[in-house]
Structure formats: C-alpha cells, structure tokens
Amino acid sequence: MKRTIHRANTRGHANHGWLVSSHTFSFAGYYNPERIHFGALRVLNDDHVAAGMGFGSHPHDNMEIISIPLEGALEHKDNTGRHKIINSNDVQIMSAGRGIVHSEYNASKTDPVKFLQIWVFPKVRDIQPRYDQKTFDPSQRENQLQKVVAPTESENTLFINQDAWFSLGKFDAGKATNYTMQHPGNGAYIFVLNGKVEVDGEVLEARDAIGIEDATSIDIKALENAEYLVMDVPMHLN
C-alpha cells in the first residue's frame, strides 16, 4: 500500500476578495511539482464565492468537471442553452469533451456559496459535451457510503467518462466502513469535509486528504462525527 497525505494547511490558497479558494493540486497561480494530480484526479478546489459573484463565461475541453455545493447554491449557464441552479445535496457533472463555454455564479445575492470543484481526466477524448445533475437524499449516506458518480448509466448515479466512482459518507463517531476499490489498478483519494477520521492508522481532520494506491480495500473510521468524499480513480492514464 502506498499513501499520499495532503494536510489542509499545505494547500495552495488564493484570495481574490469575491473568491477564496484552496487548491489541493496545482492550479492557476499555485504550482507545486509534487502536487500535479493523483492518478486521473487533476483538480480539487475548495471554493467560497461571495454573494452575487462568480466566474464569467470561460471555456473547457477534455475534462470531466464535478461540482458539489456544500453550502448555498450555484447558478450554471453554458453555450448549449442550459441554465440550472445547483443546491446543497445536488451534484453536477459536465463532460467538456471537444469544447464547452460556461459560467458559474453564486445564486444568492445575500449569502455566500461554498462548493468543491473537481476535475478528472477523461477516458475518451473529444466526445460530444454533456451535462447532468442530480439531487441525492442525504439520509442515504448516514453511516454508509452513498455512490454519486460512476462510469455506468444509472438512475441512481451521475455518469462520468472515466473508470471513476465518487461516494459521499456521513458517519457518527466510532462508526467504521471498509471501502473496496471498484476497478483493478485504481486508487482512492479521501477528502474529509468535516470532523475527524482515521484511515490506515492516519488521523485526518477537516479538509485533510489521503490518497491510497496499491491496495484493494481501505478501512475508514470516524473518530468524531464526520463527513467525507471518496474518489476512486485510475492511477495510470491512457
């Protein structure tokens, strides 16, 4: 088993006034040659956007982009005509494919929005751009992992153009689970949203993360009430 630990206070940070962002991996003005990606996981940004503010229209291509609101709501528009609001307990995925232009704004004029934006390298390049979002019942992640993203078409998860699986969990103190990798050669990157957990003997607190590779399963125990995201991704890119 090989593990990579990223503490919350070692992330890159950017404060633009309207946007406060923490970068787990190299992004924009933050560059660390030892933190470019974890397998197919390329970007993990922890963004806080002020009321009424946001990212104007900008292009993407050949990237799977997942947005997970933690507090508040995001307003999404793109050049295909989509105009959506993404709320807490929603997950959004966009396959940029051969090219898409979109904007993201805080949907509220009075309250900030906090969300994760995650980029994953695609399995197949230059596909037709696609967009989807889904509301997930938070009760289905109480003391268990709730799968929200998967590489198969299903009414229960969002489809991703990669052999990747994302799962959210909310565990009471003392509760444990064993996570089994979904695909041979995949690794798991566990990001703690809040609380305190133990993974492979390592204690992680809010916004800490650990990447595990060369393993078939992982034991995760909540030392306090905790929420976390498990990202199961290929470690070798095509």
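Basically the numbering used here = 1-based index in the sequence shown + 870.
A virtual CB, placed ideally from N, CA and C, is assigned to each residue, including glycine.
Note that the structure is predicted; figures quoted are calculated from it, not measured.
Contact belief for residue i with residue j at Cβ below 8 Å, rounded distance in angstroms
| i | j | result |
| --- | --- | --- |
| residue 957 | residue 943 | 5 Å |
| residue 1083 | residue 1105 | 5 Å |
| residue 1062 | residue 1077 | 6 Å |
| residue 940 | residue 984 | 5 Å |
For residue i: DSSP bridge partner residues
| i | result |
| --- | --- |
| residue 1002 | 963 |
| residue 924 | 975 |
| residue 889 | 919 |
| residue 934 | 965, 990 |
| residue 1037 | 1017, 1100 |
| residue 1047 | 1090 |
| residue 873 | 1082 |
Proximity of residue i and residue j at Cβ, strictly below 9 Å
| i | j | result |
| --- | --- | --- |
| residue 1067 | residue 1040 | no |
| residue 997 | residue 951 | no |
| residue 961 | residue 1018 | yes |
| residue 1080 | residue 1049 | no |
| residue 1095 | residue 1046 | no |
Spatially closest choice to residue i from the options, by CA coordinates
| i | options | result |
| --- | --- | --- |
| residue 987 | 1105, 1074, 911, 904 | 911 |
| residue 880 | 896, 872, 873 | 896 |
| residue 931 | 916, 919, 1053, 970 | 970 |
| residue 1072 | 1086, 915, 1093, 907 | 1093 |
| residue 1002 | 908, 877, 1023 | 1023 |
| residue 875 | 1059, 1006, 1031, 1009 | 1059 |
Coil, strand or helix - residue i by DSSP
| i | result |
| --- | --- |
| residue 879 | helix |
| residue 1008 | helix |
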